[in-house]
Amino acid sequence: MIQRSLTLFGGLFCLILLMGWVMGMPFTSSRLVEAAAYALIALGLNIQWGYGGLFNFGIMGFLMVGGAAVTFISYPVNPVFWGSEGPMMLGKALLAFAAGALLVYAARKSDRIGITGKWKMALTVLAWFVAYVFYRSQLDPAAAYIESAAGGGWIGGLGGHPVLGWLFGGVLAAGIAYVVGKICLGLRTDYLAIATIGISEIIRALIKNMDWLTRGTLTVSPIPWPTPLPQEFQAGGMNIANSLLGARASYLLLALVVLGVVLWLISRAYAGPWGRMMRSIRDNHVAASSMGKNVTARQLEIFVFGSVLMGIGGAMLVSFVQIFDPSSYQPINHTFLIWVMVIVGGAGNNWGALFGAVLMWLIWVVSEPLSKTVFEFVSSWSTQFGWGAIPEIEARSAQMRVFVLGLVITIALRFAPKGLIPEVVKRET
Amino acid sequence: MTELIFFTNQVIISGLVLGCIYALGAIGITLIFGILRFAHFAHSELMTGGAFIAFLLASAFAAWGIVTPIPTGFVVLPIAMVLAAIMALGIDKGFYAPLRKRGAKPVTLLIASIGVTLMIQGLIRLFFGAGSYSFFEHEPKEVFRFDMAGIGSTRPLVITEPQVLMILVTLVSVLALHFFLTRSRLGKAMRAMADNADLAQVSGINTALVVRVTWIIAGALGCMAGTMLALDVTLKPDLAFNIILPIFAAAIVGGLGQAYGAIAGGMLIGFAETLAVFNWTMLLRPLNAILPDWMQLPPTLALVPTEYKLTVAFVILVVTLLVRPTGIFKGASS
């Protein structure tokens, strides 16, 4: 097993070297930074699916939350907004939200004063409606004001350190995961999958359209880096190629430190009693609950832990590319890709998830130029035979990534359903 | 009356059209879930693939110079449905049957269906690019305008020819499905297998045949839904991928495994989406004459802004899962 992992990781290392040689070091170095962030996200999914057997298909939503969080914390302060009526109006909207929540809570507890059955349900629905209308009546004018020139366009950031933003991304993702988990975790696996996809789509719609908070489709850039930018290296008298490499290497180092700490923590958790309990819940939750384990609470716990990693990973990605563009988030790129990483690598095995993440990310980025080369070759060949060239090679090769992703996952499920580095189940004999 | 006609145009007709498409898609999903017990995500690609097959056939008809009285898309629909059914059978044979034979869990099949989604999506984009196509490049899209001046409306009642045909075709196929499920031997076998697969097998039902018939129906209805959606709007590679979740919502709201539930759920989601984004001021404007000044209606009075239209389906989905996970018609429980 160890030998197999070492061979695979050695092969991966050779692949990276080959990529650096063929496609150039600047390209490869930024892909590696992204791969580190994706590895963190894949570890998050590995906790949820590999340790706990939870079917989270809402990864995109958590990545977006992380990205929005780091934008909010690290982007420079917008003085126009803070000097305007905006904060006051937002405060009112927040109060309206709290009042609405209180109203709904009161309606849900109305059985205490003797209102039960259908009346209670009608009252709850009415309370939801009133709370919603009240909140909208406060928020809509506030949003319209902030989006106008007088309100500063959007609320801007807080100007904090990006690493604080990553942490905030994790915290925010944890909060949302708690709510989502409370709602969905009682459901059977495929219902959970559909419910989480639905929630991630709701999150996407909100972040995309709340222009006052996230600038929506207008996008936010440039988001600062936690490490010195290439421009700062150049100011120190470095040439462009070296400054790019130096800046990315320092970012990669920071990402690897985060990844290493996370990997160490979750591997310890896996080996400890907590990990054993989680695996027992995954393999047979009825038996686990009869042994006195609180299955729902434990699953909620692991759902939140996994989502924290996804939030941090999503924040790292946004910091790195320096632009937060809500419309660039797609279920294929940000949910299904992560699933393929974990399944190809080996669910339940952290090294497997790590391997799968790096491998799949490299395949994902390489398949476009690779298929372009293949198409150009076929095209020149078919032109020689007089069949004409392939039209629109650029656009077509961009779409090949999706096909390759689908192909890899179907082949993996057919021939290596446990992944390339499968989970090792230790049994005391 | 103008307001009422506006309401009919904006809500009743478009809700009905959307509901028909959701219902036809949801029937396939719910049947596959009932028989094979997994959530089939690649259904969106059966729909898109079917629509592209119909589009190719329609283009071929146009190239051969065949002119039809009704939109060509509807004329080629039966042929496209047969081809889509064969495609569905092929997908099952190539991807799901080997996994089922191995005794894979439903979860594995679900992930496999996502793989199939990605592959077909990639192939469609490879061949057709990312642009959009229209069925009405070679023929006009006829729009019926009924003058409603007789009942005092200044607006006409507007409905397009594809929409009329779409509603009729859906009605006919739903009735046909109903008679198939309740009257024919095979349909009864299908319902028996959906209720209890093991019991159905020991009582001599040919389960392999039932599985094949399920894929044929799902593929054919998916092709129908996809083509009709493409006829109503435009044909693009992510045509059905974007609406697969509302369709799942429809199937779950109706109760997974229940064919009638899927129809009810589809209509419910379709109307909920159009009602939620409808600007109620347009309907209630006459009230402004009676209401005092301080209670005048605002210019827009929609429950949710238009950009959140698809979100309505997810909210209904989540609420259903919370309050009544079995759906309206008591489908498979959680």
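Quick note, the sequences are listed as chains A and B, same order.
Residue numbers for the first sequence follow the working numbering, so the first one is 367 and each next one is one higher.
Residue numbers for the second sequence follow the working numbering, so the first one is 42 and each next one is one higher.
No residue lacks a Cβ here, since even glycine has one placed at the ideal position from N, Cα and C.
- Counting C-beta pairs with one atom in each stretch, the stretch 704-711 of chain A and the stretch 765-782 of chain A have three or more that are closer than 8 Å, which means they touch.
- The beta-carbon distance between A/A435 and A/G531, rounded to whole angstroms, is 6 Å. This is short enough to meet the 8 Å contact definition.
- For B/G69, no Cβ of chain A is located within less than 7 Å of the residue's own Cβ.
- Considering only beta carbons, the part of the stretch 147-177 of chain B lying closer than 8 Å to chain A consists of P147, V148, T149, L151, I152, A153, I155, G156, V157, T158, L159, M160, I161, Q162, G163, L164, R166, L167, G170, A171, in chain order.
- Here DSSP, grouped into helix, strand and coil, assigns B/L276 to strand.
- By the Cβ rule, the stretch 213-224 of chain B does not count as touching the stretch 125-141 of chain B, because fewer than three pairs are nearer than 8 Å.
- Spatial neighbours of A/V731 in its own chain (CB-CB distance under 7 Å, excluding positions within 5 residues in sequence) are listed in chain order as R397.
- Across the stretch 769-786 of chain A, CB contacts with chain B closer than 9 Å involve F769, V770, L771, G772, L773, V774, I775, T776, I777, A778, L779, R780, P783, in sequence order along the chain.
- Residue environment: B/F176 is assigned as buried (16 or more neighbouring CB atoms within 10 Å of its CB, all protein chains considered).
- A straight-line Cα-Cα distance of about 12 Å links A/R793 and A/R642.
- The Cβ atoms of A/P788 and A/G712 sit closer than 7 Å to each other.
- Taking a beta-carbon distance threshold of 7 Å, B/Y349 counts as an interface residue toward chain A.
- Within the stretch 573-587 of chain A, K574, N575 place their CB atoms closer than 9 Å to a CB of chain B, listed in sequence order.
- Just so you know, the alpha carbons of B/I132 and B/C264 end up roughly 14 Å apart.
- For B/T352, at least one C-beta of chain A is nearer than 7 Å to its own C-beta.
- Using a CB distance cut-off of 7 Å, A/A561 counts as an interface residue toward chain B.
- Inclusion of A/D556 and B/A80 in the CB contact set at 7 Å is warranted, their separation being smaller than that value.
- Under the three-state reduction of DSSP, B/V108 is assigned to coil, being neither helix nor strand.
- Judged by pairs of C-beta atoms under 8 Å, the stretch 240-258 of chain B does not touch the stretch 727-742 of chain A, as fewer than three such pairs exist.
- In this structure, B/E314 is the residue among B/P119, B/E314, B/A292, B/L344 with its C-alpha nearest to the C-alpha of B/S55.
- Contact with chain A is found for B/L362, since one of that chain's Cβ atoms lies less than 7 Å from the residue's Cβ.
- Between the stretch 758-765 of chain A and the stretch 162-178 of chain B, the count of Cβ pairs shorter than 8 Å is three or higher; the stretches touch.
- A/V499 and A/L505 have their C-alpha atoms some 10 Å from each other.
- Setting aside the 5 residues that flank it on each side, A/A559 is surrounded in the same chain by F421, F423, each with a C-beta closer than 7 Å to its C-beta; the list follows chain order.
- Collapsing the DSSP output to three states places A/Y498 in a helix.
- The continuous alpha helix (DSSP H) containing A/R474 extends over residues 452-474.
- E758, A761, R762, Q765, M766, V768, F769: these are the residues of the stretch 752-770 of chain A whose beta carbon lies less than 7 Å from some beta carbon of chain B, given in chain order.
- Between A/F669 and A/I573, the alpha-carbon positions lie close to 22 Å from each other.
- When 7 Å is used as the limit between beta carbons, B/F289 is near these residues of chain A: I560, in chain order.
- In the DSSP assignment, B/R196 falls outside any beta strand (DSSP E) and carries neither an H nor an E.
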